[in-house]
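Heads up: the structure comes next, in structure tokens.
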Amino acid sequence: MSGLTVITGAAGGMGAEAARRFAASGPLLLCDVSEAKLSALLPELAGAGHRIVAGDLTEPAVLAAIVAAVEANGGLARLIHTAGLSPTMADARRILDVNLCASVRLTDALAPLAGEGSAAVLIASVAGHTAASDRDADLDDPLADGALDRLAAGGDPYAGYGYSKRGVMRLVEARAAAWGKRGARIVSLSPGLIDTPMNAAEFDAAPVIAQMLAATPVPRMGSAGEIADAIVYLCSPQASFVTGTDLRVDGGVVAVMRTDPNFGQ
């Protein structure tokens, strides 16, 4: 497939594993806030022509640099959007801005550069499956005046995180038709408890994480490699009929959370 594969959050656990999977398939654009970590990843990757863009995705200049690189390399082959903040990393407003608003801007900016066979995979979360539906109007248009303030009202980072990931799932549903007209697909993927440094911090801060792990039907944490495997599938011709939907890779924990009346007791 011609064009550039864009991987955000490429210095993190899931993003770095995705970069290793796709490195031999064509040029990669690796994006993250840490230039040093991105530069350290490059020597690990097979293939040639890989480059980096370091910075915060909420910054217009960073988005512009990504778009310019894709334009200069024949369009978008794949978008693998793993960048995001967890509840221990920021307040609700910042989490929503990074996880949801930046996702809207990124996917909408890259959509005109997608073509036949292009695919976008946005990382959501099992938290999005249990978030309340009371703010869906603002989740569906988070860039509207006042929407971010309303979504962040109350300031709870855990609620903000859940809303942000529900918004990502709704985003791919809303954009599927437009991407389909270009011969492209857009999906989200909801990891469960994955063994990454980000999740390790959540274990220490939120007792419910341990409850989730104990309730997971596959009795262990998942790995970044297993998420990367799912991303490879979603970007492949084998998933050519999969778009506008969310794939849970969670060991079954959402099923338990929805059906076990004793969960959380």
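The opening position of the sequence shown corresponds to residue 18 in our numbering, with each subsequent residue numbered one higher. Just so it is clear, CB atoms sit at the ideal spot from N, CA and C, and this is done for glycine as well. Remember, predicted model here, so these are calculated numbers, not experimental data.
The secondary-structure analysis by DSSP pairs residue 237 with nothing; it has no beta-bridge partner.
About 5 Å separates the beta carbon of residue 93 from that of residue 87, a gap short enough to meet the 8 Å contact definition. With fewer than 16 other beta carbons inside 10 angstroms of its own, residue 60 counts as exposed. By alpha-carbon distance to residue 268, the top candidate from 256, 232 and 254 is 232.
Distance from the Cα of residue 244 is smallest, within the candidate group 75, 210 and 279, for 210. Boundaries for residue 211: no beta strand (DSSP E) harbours it, and the DSSP string shows neither H nor E there. A distance below 7 Å separates the beta carbons of residue 174 and residue 104.
The three-state secondary structure of residue 52, taken from DSSP, is helix.
Per DSSP, the beta-bridge partners of residue 47 are 24 and 69. Closest by C-alpha distance to residue 261, out of 130, 192 and 72, is 192.
In this structure, the beta-carbon distance from residue 46 to residue 96 does not fall below 7 Å. An exposed status is given to residue 225, since fewer than 16 other beta-carbon atoms sit within 10 Å of its beta-carbon.
Shown here, residue 259 sits in coil according to DSSP, grouped into three states, outside any helix or strand. The residue among 166, 56 and 155 with its C-alpha nearest the C-alpha of residue 108 is 166. Rounded to the nearest whole angstrom, the CA to CA distance from residue 77 to residue 123 is 10 Å. Separation of residue 253 and residue 23 (C-alpha to C-alpha, rounded to the nearest whole angstrom) is 15 Å. Taking 7 Å as the cut-off, the beta carbon of residue 130 is found no closer than this to the beta carbon of residue 204. Spatial neighbours of residue 72 in its own chain (CB-CB distance under 6 Å, excluding positions within 5 residues in sequence) are listed in chain order as 79.
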